[in-house]
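Numbering (full-length UniProt numbering), first residue to last: 1 to 248. Note that CB positions come from ideal geometry on N, CA and C, so glycine has one too.
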């Protein structure tokens, strides 16, 4: 398989969940993978899996809210691979709480990681893409961005901001042959663990999904391959929902 031959992808949060599944799937299609993650061991494990399968990958530890750390990692990835063609921004956190109980600190932390972190990573690559006159920005968002989320107002607000950021990037960067799209998934990952561990909460959550089941991270990964490939070259400013029908 070679849909991503000669393509280098930076993927944040690539050590676990959808990020990990996407990294493995894109590597299987020929991509060179730069994994950015706070979890050194998880990122190293993904790199090992890719290399054992005959692919090329390297890991960087970076806090995505730090322009300095992200900038250094991106610069080193460009020097290592020659260029970076695609950014997949998968890193994120949750901080469950009802609005009446939510602290300002919790709100700001979730927004900082999920929204500001997305901006920091995108901004680090814009000059490189403008110089090369090509690039692809893929940001993971959530059904919460479009429908709200009980007990997750901070997360919903941040992910709605990601959608707006993607659409703005699409219109601003099109002149440089840079596309920007959002992927809206629902999957069984660490971020959804608390829901899945509570039978009543899980039943209520799944009742809102027409397909009535969770996707696995591997079910989301093919969409990342598509968005990273030339198949999506005429697609920008779009939201691709892989959510079992949740946002219908």
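Do you know how far the Cα of residue 245 is from the Cα of residue 211? Using only the alpha carbons, I get a separation of about 7 Å.
Would residue 16 pass as a contact of residue 190 if the rule is Cβ separation under 9 Å? In this structure, the beta-carbon distance from residue 16 to residue 190 falls below 9 Å.
Leaving aside the five residues before and after residue 133 along the sequence, list all residues of the same chain whose C-beta is less than 7 Å from its C-beta, in chain order. Non-local beta-carbon contacts of residue 133 in its own chain, meaning distances under 7 Å to residues more than five positions away in sequence, involve 176 and 177 in chain order.
Thinking C-alpha only, which one of 157, 97 and 90 is nearest residue 122? Closest option to residue 122, Cα to Cα, is 90.
Euclidean distance between Cα positions of residue 200 and residue 208: Taking the Cα positions, residue 200 is about 13 Å away from residue 208.
To the nearest angstrom, how far is it from the Cα of residue 6 to the Cα of residue 72? The C-alpha of residue 6 lies about 23 Å from the C-alpha of residue 72.
Assuming residue 25 and residue 44 form a contact by the criterion Cβ under 8 Å, report the distance between their Cβ atoms to the nearest whole angstrom. At roughly 19 Å, the Cβ-Cβ gap does not stay under 8 Å, so residue 25 and residue 44 are not in contact.
Rounded to whole angstroms, what's the CA-CA distance from residue 241 to residue 149? Just pull it up for me. The alpha-carbon atoms of residue 241 and residue 149 are separated by roughly 16 Å.
List the residues that DSSP assigns as beta-bridge partners of residue 175. The secondary-structure analysis by DSSP pairs residue 175 with nothing; it has no beta-bridge partner.
Simplified DSSP state of residue 65, which is helix, strand or coil: Look at residue 65 here: in three-state DSSP terms it is coil, with no helix or strand label.
Contact with chain D by residue 198, beta-carbon distance below 9 Å: This model lacks chain D altogether; it includes just one protein chain.
Candidates 28, 111 and 23, of which the one nearest residue 37 by Cα: In terms of CA proximity to residue 37, 23 leads the group 28, 111 and 23.
Looking at the structure shown, is residue 94 part of a helix, part of a strand, or coil, going by DSSP? Three-state result, residue 94: coil.
Note the first and the last residue of the continuous alpha helix (DSSP H) segment covering residue 83. Per DSSP, residue 83 lies in no alpha helix (DSSP H) segment and is marked neither H nor E.
Quick one: what does DSSP say residue 8 is sitting in, helix, strand or coil? In the structure shown, the three-state DSSP call for residue 8 is strand.
Report the rounded CA-to-CA distance for residue 216 versus residue 139, giving the unit in angstroms. Cα to Cα, residue 216 sits roughly 18 Å from residue 139.
C-alpha distance - residue 234 paired with residue 164, whole-angstrom precision: As the crow flies, the alpha-carbon of residue 234 is around 19 Å from that of residue 164.
Under the rule that 16 or more other beta-carbon atoms within 10 Å means buried, what is residue 8, buried or exposed? Buried, since its Cβ has 16 or more Cβ neighbours within 10 Å.
Leaving aside the five residues before and after residue 248 along the sequence, list all residues of the same chain whose C-beta is less than 7 Å from its C-beta, in chain order. Result list for residue 248: 210, in chain order.
State the CB to CB distance for the pair residue 125 and residue 47, rounded to an integer number of angstroms; the pair is presumed to be in contact (CB under 8 Å). In this structure residue 125 does not touch residue 47 by the C-beta definition: roughly 20 Å separates them, more than the 8 Å allowed.
Tell me, which residues are paired with residue 199 by DSSP? Looking at the DSSP output, residue 199 shares a beta bridge with no other residue.
Proximal residues to residue 119 (C-beta, below 8 Å), its chain only, five neighbours per side dropped: In chain order, 165 place their CB closer than 8 Å to the CB of residue 119, counting only its own chain and leaving out the 5 sequence neighbours on each side.
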